[in-house]
Ligand SMILES: Cc1cc2nc3c(=O)[nH]c(=O)nc-3n(C[C@H](O)[C@H](O)[C@H](O)COP(=O)(O)O)c2cc1C
Ligand code: SF4
Ligand code: SF4
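Residue numbers (my numbering): 1159 to 1418.
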């Protein structure tokens, strides 16, 4: 079973690619915590790196997983460049539950947070050309249940960026907001939010075409799924609109794959 957390599809696409080669199934981490996975003899975790660390949502979900201490557990981090402490810290969390991580790796993919800094993640598609060899290595290693930890060492920069104060800063920096004048109430953001953190409610002053409005709740983990998926570019970080051309989704992943 391969468990994933994904905002814009990189982690889902890689989880699927590994699963199809290893004959495994994929399951969102948010669903996995509701299941008893102790009979699974191989467990993969595929999640992004956020600010050199594990995404807060993943960090909160991992302790709730019910998996066997005898399972072959592997972690793959599809990230822009730096995994930081994202493997190290989950390895530590699992160890506290008596579970050892046998294998880990990172793989470079377009950085979906580039949009917040006015850059286009789609300009990073060159990363996919170098991607295939690394993915084949990972698949072969997982198939043979190889024991080898890559990018699992402690990162002082990751530690610094992972302090509570820095994490709050990160969540503030990347916190999206709905531009009410642009929102048409289509509900796409609500369906793609892995945290179920976006609700639709009736507009106080409905127009002839639009009666609903999206609202972002308090459980945001800064995955940017909503910002990248909004057809009106109505979701903004720092009140800065992002152009349609900068919106990103992994090329193999459709909106419905990310939708609940
Ligand atoms: C808030 C935020 C912070 C990020 N920080 C990092 C980082 O520190 N290092 C890195 O290599 N990539 C970073 N990224 C990029 C993601 O790890 C990368 O795009 C990942 O593949 C996204 O996965 P997804 O498409 O499954 O959501 C960050 C992305 C976001 C949204
Ligand atoms: S996806 Fe955009 S337009 Fe649709 S409800 Fe969300 S914010 Fe509004
Ligand atoms: S509100 Fe947007 S950025 Fe926050 S968790 Fe949901 S989809 Fe991700």
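Where is the CB? At the ideal position from N, CA and C, for every residue including glycine.
On a CA-only basis, which of 1222, 1223, 1357 and 1167 is nearest residue 1205? Give me that one, please.
Taking only the C-alpha atoms, the option nearest residue 1205 is 1167.
Which value, in whole angstroms, describes the spacing of the CA atoms of residue 1401 and residue 1219?
Near 33 angstroms, if we compare the C-alpha coordinates of residue 1219 and residue 1401.
What residue from 1279, 1365 and 1388 has the CA that sits closest to residue 1351's CA?
Per the Cα distances, 1388.
What residues are listed by DSSP as bridge partners for residue 1357?
1373
I'd like the ranges of any alpha helix (DSSP H) spanning at least 4 consecutive residues and lying wholly in the region 1277–1332.
1285–1301, 1314–1319 and 1322–1331
Quick check: residue 1336 and residue 1392, are their CB atoms within less than 7 angstroms of each other?
yes
Is any non-hydrogen atom of ligand 1 found closer than 6 angstroms to the C-beta of residue 1283, if you look at the structure I gave you?
no
State buried or exposed for residue 1240, treating a residue as buried only when at least 16 other CB atoms are found within 10 Å of its CB.
buried
Tell me, please, whether the region 1191–1199 touches the region 1221–1231 by the rule of three or more beta-carbon pairs shorter than 8 angstroms.
yes
Report whether the distance from the Cβ of residue 1172 to the nearest heavy atom of ligand 3 is below 6 angstroms.
Not so, every heavy atom of ligand 3 lies at least 6 angstroms from the Cβ.
For residue 1334 and residue 1169, I'd like the C-alpha separation in whole angstroms.
21 angstroms
Can you grab the Cα-Cα spacing for the pair residue 1202 / residue 1379, in whole Å?
21 angstroms
Please report how far the alpha carbon of residue 1406 lies from the alpha carbon of residue 1386, in whole angstroms.
6 angstroms
Taking 7 angstroms as the threshold (C-beta atoms), are residue 1187 and residue 1210 in contact?
no
Could you pull out every residue in the same chain whose Cβ sits closer than 7 angstroms to the Cβ of residue 1383, ignoring the five residues on either side in sequence?
1165, 1166, 1350, 1351, 1352 and 1416
Regarding residue 1381 and ligand 2, is the C-beta to nearest heavy atom distance less than 6 angstroms?
no
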